[in-house]
Structure formats: structure tokens, C-alpha cells
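J.:
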Amino acid sequence: MDVKLLSVKDLSIRWQKDEGTIRRYIKEGILSPCNGVPGMMFHPKYIAELEGVQIEKFSPLEKRRLENEKNELQKENVELKELLREYNMISAKSLKVFVI
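Numbers given in this note's numbering equal positions in the sequence shown, counted from 1, plus 563.
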């Protein structure tokens, strides 16, 4: 997936500011352009974070699927712990009978 970086002009249009204002933000350290690219370009994710937009790592469907999977695994974990506890009790009783 190719990401289209934003230029100073793109950012000035997006924020409805003059290009000079955007360049001043860069000079003052308020904005940090991408390194290793020609010109002053900005990653859209970086700009979205500055704008206070929450960026979700997963889609709502994927998040719901993962939560369901987590819940199922937690139930399975409880069941397995109970089986292990029962097995340990049986083992302890059989050892006790064997020792006597």
C-alpha cells in the first residue's frame, strides 16, 4: 500500500493556512517533515495524529473477532486449569493410597 505524502501546499489547503504559516511551523519545530524524501513532505498518519484523530489498528469487524477469540481462549484456559486441578487431586490420592 503506497502512502501519498503531503506537501506544504497540500497541508496548507487541508488546514486552510498560508504556506508561509506551515513553513514557520516547521522552522519553529511545531511540524516535523519526513526525512529522506525530497522537499518538505509529511506522512498523513503523522498529520492525523496532530489533528487528534484516533487511528485504529484494526477494523471494527477484526476487533470484534479478536475479542471473541480472546474470550473463547480465556474460557478454555479456565476449563483446562480445572482439569489440571482434578488430575492433580487424583494423582495425589493415588499416591496416598500407594504409600499406605
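We put the CB at the ideal spot given by N, CA and C, even for glycine.
For the region 581-599 against the region 631-645, do three or more pairs of beta-carbon atoms, one drawn from each stretch, fall closer than 8 Å, so that the two count as touching?
T.: The region 581-599 is not in contact with the region 631-645.
J.: Any Cβ of chain C within less than 7 Å of the Cβ of S575?
T.: Included in the structure is just one protein chain, with no chain C present.
J.: Taking only three categories from DSSP, how would you classify S570?
T.: Correct three-state label for S570: strand.
J.: Can you tell me which of I593, P623, Y609 and L568 puts its alpha carbon nearest to the alpha carbon of P601?
T.: Among I593, P623, Y609 and L568, the Cα nearest to that of P601 is on L568.
J.: Within this structure, are the beta carbons of F605 and L574 separated by less than 7 Å?
T.: Cβ distance < 7 Å, so F605 and L574 count as in contact.
J.: Rounded to the nearest angstrom, how far is the Cβ of V571 from that of R586, given a contact under 8 Å?
T.: Between R586 and V571 the Cβ distance is about 6 Å, and since that is below 8 Å, they are a contact.
J.: Locate the alpha helix (DSSP H) running through I610, then write down its first and last residues.
T.: Run containing I610: P607 to L613, per the alpha helix (DSSP H) assignment.
J.: Please go through the same chain and pick out, in chain order, the residues whose beta-carbon is closer than 8 Å to the beta-carbon of D581, but skip the five residues on each side of it.
T.: Around D581: S575.
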